[in-house]
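Undergrad: The structure is given below, and queries will be raised subsequently.
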Amino acid sequence: MSYDPDQRITRKHAAVLARTTEKTLLRDERDRGLQRQDDPQTKQATYRLGDLVESGRIRLEDVTLAGNAAEAAEVIKSREHVAKLAAECVRLRCPHLRAEATLAAQENGSALFDPLVALLPTATEPGTAGTLLGAVAALITAAGPGADPPASVPALAHTRALRWWAKIRPQVEASVPCERSGSRSCPDCWEGHGCPRDTLYQPVTRVAVLGERGRLTKKGINDRLFGSRPDRRINAWPGTHPREAAYMAWLVFTFTTQEDRVLAANDYLAVAMAKDLHLLEPRLARVACQTLAESRGLAAARVLAEKVLATRSTDPAYDELALWMTWHEQAAVQAARRQAPRTITHPRLARPAGRVNHNPYLPR
Ligand SMILES: [Zn+2]
7 MSYDPDQRIT RKHAAVLART TEKTLLRDER DRGLQRQDDP QTKQATYRLG
57 DLVESGRIRL EDVTLAGNAA EAAEVIKSRE HVAKLAAECV RLRCPHLRAE
107 ATLAAQENGS ALFDPLVALL PTATEPGTAG TLLGAVAALI TAAGPGADPP
157 ASVPALAHTR ALRWWAKIRP QVEASVPCER SGSRSCPDCW EGHGCPRDTL
207 YQPVTRVAVL GERGRLTKKG INDRLFGSRP DRRINAWPGT HPREAAYMAW
257 LVFTFTTQED RVLAANDYLA VAMAKDLHLL EPRLARVACQ TLAESRGLAA
307 ARVLAEKVLA TRSTDPAYDE LALWMTWHEQ AAVQAARRQA PRTITHPRLA
357 RPAGRVNHNP YLPR
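Under our numbering, think of the first position of the sequence shown as 7, with each following residue one higher.
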């Protein structure tokens, strides 16, 4: 609504908008000269909206939320209600909070984002911080680039994403970790998706990388992400946001490979590896291992994988990296075994060379 300072607002709604009680407002009338006017018909105490805004009791952005002051008060009340419910869900490590956040993201994502994040200092038990951050991640994803259905306003604007993350990351890292087993862990840990405490940088980086258009393009990569100029993300980020830069490089590598531009993808990977970014991100580490195994052999890939796995978190991409390594090593062992000449100790009992059993399942 457009802000009209002369609009009258009831004490009840003023209290909600000012996030205080009616009693405090009464006291302000007495002690601090807050002007009140009784409505002649309803006998309700009302204030001039301009007085409340100018004295800093009510924030202007709260007033302009809805069509009029009463509706704005309702919106604030329902948001406070949601924040209270969320606090309860966090305490209980409730798996439904993520689903609720996903549903709410479409309309109220940006409004719920800050109140939800503000609950982080209250999450002091193992498992609660993970539960809360899981809901934050759901909010970012469901009201972010490529969301279906698209949200009216993104929960985390791409212009704000990395600045917000730089501010909140120390809090996330200092929050209480989930227990590795048992009930004192968050729903994502419980389901093996990786704790949002460890993986939240991914949705944040996606928002920051995909930017205004919400998707990667060849031109976008050349204009903003990769290149030799110092303002390109690959040069600007590693100093302050190395892991985010690594995830960005993986996004670009994957996108370029899917576009069948393998040579360009390998160039991007080489640039990222020259900056040692592949040591920080399990996804990037896996593609780096693949390239190393092809160019310098499995032993070199193994050294890299072990180095990366030493800093393992709950992110399931580390499991995939370990599995990839094991699988390739086993395959190499098996291939070597098939190549080796047979040692025949009892020639008369040995199977004649070249003889194989009949396989009834082969097509005739
Ligand atoms: Zn967790």
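Where a beta carbon is used, it is the ideal one built from N, C-alpha and C, also for glycine.
(1) So, is Thr-134 buried or exposed, given that buried needs 16 or more other C-beta atoms within 10 angstroms?
(2) Can you tell me whether DSSP reads Asp-44 as helix, strand or coil?
(3) So which residues put a beta carbon under 5 Å from any heavy atom of ligand 1, going in chain order?
(4) Taking 8 Å as the CB-CB limit, is Arg-221 close to chain C?
(5) Measuring alpha carbon to alpha carbon, tell me which of Lys-224, Pro-160, Ala-107 and Asp-120 ends up nearest Gly-140.
(6) Which residues share a DSSP beta bridge with Tyr-274?
(7) Measure how close the beta-carbons of Tyr-253 and Thr-211 come, nearest whole angstrom, since I'm counting them as under 8 Å.
(8) Could you check whether the stretch 37-49 touches the stretch 93-100, counting it as contact only if at least three pairs of C-beta atoms, one from each stretch, sit closer than 8 Å?
(9) Suppose you measure from the CA of Arg-343 to the CA of Thr-351; what does that come to, to the nearest Å?
(10) Give the secondary structure of Ala-24 by DSSP, where H, G and I count as helix, E and B as strand, and everything else as coil.
(11) Going by C-alpha distance, which of Leu-31, Ile-240, Tyr-9 and Asp-10 is nearest Lys-18?
(12) Relative to the alpha-carbon of Ser-191, which residue among Ala-294, Thr-137 and Ala-144 has its alpha-carbon at the smallest distance?
(13) Starting from the C-beta of Ser-189, find all residues in its chain whose C-beta is less than 8 Å away, skip the five residues before and the five after it, and write them out in chain order.
(14) Am I right that His-247 and Leu-168 are in contact with their C-beta atoms under 8 Å? What's the rounded C-beta distance?
(15) Do Tyr-207 and Glu-179 have their CB atoms nearer than 8 Å?
(16) Based on the DSSP output, what are the partners of Thr-134 in its beta bridges?
(17) Enumerate in chain order the residues of its own chain whose CB-to-CB distance from Gln-50 is below 6 Å, with the five nearest sequence positions on each side excluded.
TA: Quick look at the numbers:
(1) buried
(2) strand
(3) Gly-136, Cys-184, Cys-192, Cys-195 and Cys-201
(4) Among the chains of the structure shown, chain C does not appear; only one protein chain is present.
(5) Ala-107
(6) Answer is none; Tyr-274 lacks a bridge partner.
(7) 5 Å
(8) no
(9) 18 Å
(10) coil
(11) Leu-31
(12) Thr-137
(13) Arg-99 and Gly-133
(14) 6 Å
(15) no
(16) BP columns for Thr-134 are empty, so no partner.
(17) Thr-16
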